[in-house]
Amino acid sequence: MMRPQYSGTTDAGPQRDAPEAVPVLGVKAVSKRFVSGGMSPSSLDVLSGIDLDLARGEFVSIVGPSGCGKSTLLNLISGLDTDYDGEINLNGDGAAPRIGRVPYMHQRDLLLPWRTVLDNATISLEIRGAGKRRAREEALVHLDEFGLAEFASSYPSEISGGMRQRVALLRATLPGAELLLLDEPFGALDAITRSSMHTWLSQLLADSERAVLLVTHDVEEALLLSDRVHVMSSRPGRIVSTLDVEFPRPRDAGIVTSPQFVELKARLLRVLSDSSGVAA
Ligand SMILES: Nc1ncnc2c1ncn2[C@@H]1O[C@H](COP(=O)(O)OP(=O)(O)OP(=O)(O)O)[C@@H](O)[C@H]1O
Ligand SMILES: [Mg+2]
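This is how it looks when you write it as structure tokens:
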């Protein structure tokens, strides 16, 4: 695999250089084909030979053209879809149950319309066995940071798309699990809110061993948050390139104007446009 390196590097963190450690997530040679039955059966190869690992505390992003299979991959990793070729291991265990254990913020917010903002935010905690009262107490602490304090008793239909996304993000991050899957979590947010959510997430993860796999279309976001960015080709999605981002985390938002960051961003955009067959 081509693996362009950013040369003006600094410390990449302690976990990156421990090859003997079992990754929190190990994806090996994963391929996925959708087969539809009926009168004229057809099949669609969506993912082809995906390999990726996440060590404890690592933040890894995936970028790639629309329809290349990013959400499909997260569905497989989360255990929502169990029909694939290859191996997906949690802490080295391919048989470990994943469904309900790996917090997953979907591309669509999937809030329950009959539950309030507060009660949507607490679902993942409740699924993991927290009592309703404790789950609510914990969620209430964070509603303010998410700009949702005034909307605790509102229903999803009464709040904006960006707010719904923030509820879904809060719901996914609250359980504090060792692996978190995020599919376009900031897509519906305005630039200022997006930036404050980046800061919030970076701080949340700063002293945490939690590993995060983020799917995004925003290359700046990927570079700002990640230790590593995988670029996928168009369908069937393959990882065609991986960029290491060796600035120490958490990063200040101001880093995006530094010459090294600008250069890395240009490089990522080039790789992405090559992989998508689209002119940059
Ligand atoms: N349940 C399904 N049955 C058949 N085809 C599917 C199914 N789910 C997804 N696909 C197809 O698989 C391909 C990949 O879809 P996926 O949603 O994973 O793409 P994506 O990379 O997440 O795109 P985007 O960036 O637009 O979110 C698409 O061509 C889609 O039509
Ligand atoms: Mg998607």
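Take 12 as the starting number for the sequence shown in our numbering and just add one per residue.
Even glycine gets a Cβ: it sits at the ideal position worked out from N, Cα and C.
Environment of residue i [buried if 16+ CB atoms lie within 10 Å]
i	result
threonine 227	buried
leucine 123	exposed
asparagine 102	exposed
glycine 80	buried
phenylalanine 157	buried
serine 77	exposed
glutamate 148	exposed
methionine 243	buried
threonine 133	buried
valine 282	buried
aspartate 218	exposed
methionine 50	exposed
serine 53	exposed
arginine 109	buried
proline 259	exposed
DSSP-derived helix/strand/coil call for residue i
i	result
histidine 117	coil
leucine 181	helix
aspartate 285	helix
serine 219	coil
aspartate 194	strand
histidine 209	helix
asparagine 102	coil
alanine 40	strand
arginine 147	helix
serine 97	According to the sequence shown, residue 97 is glycine rather than serine. Three-state DSSP puts glycine 97 in a strand.
valine 74	strand
leucine 55	strand
aspartate 62	strand
methionine 50	coil
histidine 241	strand
threonine 227	coil
leucine 85	helix
threonine 127	coil
serine 165	coil
serine 135	helix
Among the options, the one whose alpha carbon lies nearest that of residue i
i	options	result
valine 128	Arg109, Arg182, Asp201	Arg182
leucine 236	Ser206, Ser244, Arg246, Arg249	Ser206
leucine 225	Ser82, Ser54, Trp125	Ser82
phenylalanine 197	Gly105, Leu212, Asp94	Leu212
leucine 36	Ile88, Pro259, Leu55	Ile88
glutamine 271	Ser286, Arg246, Leu234	Leu234
glycine 187	Ala222, Asp238, Ser164	Ala222
leucine 85	Leu275, Ala106, Ala199, Ser42	Ser42
proline 247	Phe45, Gly172, Ser284	Phe45
valine 38	Asp96, Ser245, Val71, Asn100	Asn100
isoleucine 138	Phe162, Leu121, Val113	Val113
CB-CB length for residue i against residue j, believed under 8 Å
i	j	result
isoleucine 73	histidine 209	Isoleucine 73 to histidine 209, Cβ: 17 Å. No contact.
threonine 184	leucine 215	6 Å
arginine 175	proline 167	6 Å
threonine 71	leucine 63	Here the sequence assigns valine to residue 71, which means threonine is not the residue at that position. Right, the Cβ-Cβ distance comes to about 7 Å (below 8 Å), so this counts as a contact.
glycine 173	alanine 202	11 Å between Cβ atoms; not a contact.
Closer than 8 Å to chain C by CB, residue i
i	result
alanine 66	The structure shown has no chain C; it contains just one protein chain.
Distance cut-off 7 Å: residue i Cβ against heavy atoms of ligand 3
i	result
leucine 190	As for ligand 3, it is missing from this structure, which binds only ligand 1 and ligand 2.
Distance cut 7 Å, beta-carbon to ligand 2 heavy atom: residue list by chain order | Lys81, Ser82, Gln118, Asp194, Glu195, Val226
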